[in-house]
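Written below as structure tokens is the structure these notes are about.
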Amino acid sequence: MSSALDQLVAAQPELAIILGSGLGAVAETFSPVLTVPYSEVPGLPQSKVPGHAGRFVLGSLPGSGKKVVVAQGRSHLYEGLTAAEVTAGVRFLAGELGVKRLILTNAAGAIDASFHVGGLMLITDHLNLLGASPLTGGPHFHDMSEVYSAELRQAFLSAAGRLSLALHQGVYAAVPGPQYETPAEIRMFRTLGAHAVGMSTVPEAIQARALGLEVAGISLLTNWAAGLAPATLHHGEVVEVGLAAGKDLARLLHEALA
Ligand code: HPA
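Under the working numbering, think of the first position of the sequence shown as 1, with each following residue one higher.
This is the structure we're talking about:
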């Protein structure tokens, strides 16, 4: 009997989904057949953040039955890792598993006042405010003029329409964290053209594009960004809203990818 890792590699799924904070339960909706903890994959850092399980789940899409690998949990720069380290999983997905399409999800703070907390935002583009790139020291000058595939975006918009699900669209600004932002920083990000802010996704998107993958990104708006609402920000609240709105995200993924 080969190991779960060997079986995952042998499956060669074409599609991968990376789940952000509190969204781990979405993996269960893809009829899981096997799981591989990140600790069993050589070279992968293990996630230590509450709400991030840290394992790959092999499943399939309802309807077509196409194989999909779901990454439950990711690592972040704020854990003290480099941009190259946090994207080891993307290189594994593309290199070892042969993934061609990558759907990135995350929890984010809403900056655009027309959005709603608990809602979803389709990422149209990003601002890399991390001060780091996974490509440093490696391949230079990759084109980033369409990181988030127009074709995949259309598929998500059409799916949202069929489901009568509100799907906001906007620019995701990635910051290093680990602290949340100040109100002044959020005003600056809005001036720069950001609609949502978070601490992940951008290194993975850059790495995936450099490897020639098709990429889509969806933010779950877990809270108003700093200064937009009277409440202070807590990671517990981010995870909680993620759990509730994860159902909408699962429906959207199923409908768009079927
Ligand atoms: N800021 C940064 N990252 C986040 C936020 C936020 O408001 N919410 C969820 N992740």
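Positions of the beta carbon are idealized from the N, C-alpha and C atoms, including for glycine.
Look at the beta carbons and you see the segment 69 to 80 not touching the segment 153 to 160: under three pairs across the two are nearer than 8 Å. The segment 212 to 225 makes contact with the segment 107 to 115; the number of CB pairs closer than 8 Å reaches 3 or more.
Going by DSSP, Phe30 is part of no beta strand (DSSP E) at all; its letter is neither H nor E.
Looking at the DSSP output, Ala174 sits in a beta bridge with Asn128 and Gly198. Segment contact: the segment 166 to 174 against the segment 118 to 126, three or more CB-CB distances shorter than 8 Å; contact assigned.
Rounded to whole angstroms, the gap between the alpha carbons of Glu96 and Ala4 is 14 Å. The beta carbon of Tyr180 sits closer than 7 Å to at least one heavy atom of ligand 1. Remark: the shortest separation between the CB of Met121 and any heavy atom of ligand 1 does not fall under 7 Å. Residue pairing from DSSP places Lys67 in a beta bridge opposite Ser60. The beta carbons of Ile17 and Thr87 sit no closer together than 8 Å. A contact between stretches requires three or more CB pairs, one per stretch, nearer than 8 Å, and the segment 237 to 247 fails this requirement with the segment 129 to 149. With a threshold of 7 Å, the Cβ atom of Thr222 counts as near ligand 1, since some heavy atom of the ligand is closer than that.
Taking the Cα of Leu19 as reference, the smallest distance to any Cα among His235, Gly217 and Thr232 is reached at Gly217.
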